[in-house]
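Peer 1:
Residue numbers (the numbering used here): 820 to 1044.
If you want it as structure tokens, here you go:
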């Protein structure tokens, strides 16, 4: 039973992966050669992804708010007090009066806390920049992981295509599936193709999660730039 399951899985891989390889090759046919370093386009993309990540990150937003007016919450207190008064005035038909309602505002400043708040702001500002740097590091790591996985998928697709070209040239009478299942080299190339495509998808999912977008939205950004 187990051997039958393994055989079925291999059949699916062998039938599906050639189409994946052809699709991958079609995508990269007119692309640049394989990369050996990060290009200006990559650095620009990292900046764009980092800006999106900061906008969508609750940790970054929280750290930014902490350096603002929230730092003075314990230093300054504002109190709004309503008050009522009676106004008397004399008209042509005699004396009369009416009530008037007003509000007074009192601001209390704690001088001792004001002295220490500037040290607190300095610490919070440092924490904010640390959070920003950490978020950028995450974006860079995830982007490079995706770039590497994408390049490995391209290499695997080329290997698959080369093997298919050689196999088609020497094909004889044996049924295609049976012949491929008995070919260890083909199984190796096919498995590598599946693994690299899976890693590329996983890297895209991780990059998308880091910047706070869906994989589809992230892919659009990567393709547009």
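Glycine residues also receive a C-beta, built at the ideal position from the N, C-alpha and C atoms.
Since this is a predicted model, take the numbers as computed values, not measurements.
In this structure, does DSSP put residue 886 in helix, strand or coil?
Peer 2: coil
Peer 1: On the CB-based measure, 16 or more other CB atoms within 10 Å of its CB, does residue 969 come out buried or exposed?
Peer 2: Buried.
Peer 1: How many angstroms separate the CA atom of residue 947 from the CA atom of residue 953?
Peer 2: 10 Å
Peer 1: Report all residues from its chain with a CB closer than 7 Å to the CB of residue 955; omit the five preceding and five following residues, and keep chain order.
Peer 2: 869
Peer 1: Would residue 945 pass as a contact of residue 879 if the rule is Cβ separation under 8 Å?
Peer 2: No. Outside cutoff.
Peer 1: Look at the alpha carbon of residue 1024 and the alpha carbon of residue 1033, and state the distance between them as a whole number of angstroms.
Peer 2: When rounded, the distance between both Cα atoms is 8 Å.
Peer 1: For residue 1059 versus residue 975, is the C-beta spacing smaller than 8 Å?
Peer 2: Beyond the ends of the chain as shown, which are 820 and 1044, falls residue 1059; an answer cannot be given.
Peer 1: Alpha carbons only, please: which of 941, 1015 and 872 is nearest the one belonging to residue 961?
Peer 2: The candidate whose alpha carbon is nearest that of residue 961 is 872.
Peer 1: Should residue 1026 go down as buried or exposed, given a rule of 16 or more other Cβ atoms within 10 Å for buried?
Peer 2: buried
Peer 1: What span of residues does the alpha helix (DSSP H) with residue 862 cover, start to end?
Peer 2: 859-875
Peer 1: If you draw a straight line from the alpha carbon of residue 874 to that of residue 1028, how long is it in whole angstroms?
Peer 2: 13 Å
Peer 1: Using 8 Å as the threshold, is the C-beta distance between residue 1030 and residue 958 below it?
Peer 2: Yes, the pair counts as a contact, with Cβ atoms nearer than the cut-off.
Peer 1: Quick one: what does DSSP say residue 930 is sitting in, helix, strand or coil?
Peer 2: helix
Peer 1: I believe residue 1019 touches residue 972 by the beta-carbon criterion, under 8 Å. Please report the beta-carbon distance rounded to the nearest angstrom.
Peer 2: 5 Å
Peer 1: Determine whether the beta carbon atoms of residue 1044 and residue 858 lie at a separation below 8 Å.
Peer 2: no
Peer 1: Shorter than 8 Å from the beta carbon of residue 939 to some beta carbon of chain C?
Peer 2: You won't find chain C in this structure, because it holds only one protein chain.
Peer 1: Please return the same chain residues whose Cβ sits closer than 6 Å to the Cβ of residue 1015, not counting the five positions on each side in sequence.
Peer 2: 971, 972 and 975
Peer 1: Excluding the five sequence neighbours on either side, which residues of its own chain have a C-beta within less than 6 Å of the C-beta of residue 767, listed in chain order?
Peer 2: Within the shown structure, residues of the chain are numbered from 820 to 1044, placing residue 767 beyond reach of any answer.
Peer 1: Exposed or buried, residue 1007, counting other C-beta atoms within 10 Å across all chains shown (16 or more means buried)?
Peer 2: exposed
Peer 1: Thinking C-beta only, is residue 867 closer than 8 Å to residue 1040?
Peer 2: yes
Peer 1: What residues in its chain sit with their C-beta under 7 Å from that of residue 1038, if we drop five residues either side in the sequence?
Peer 2: 1023
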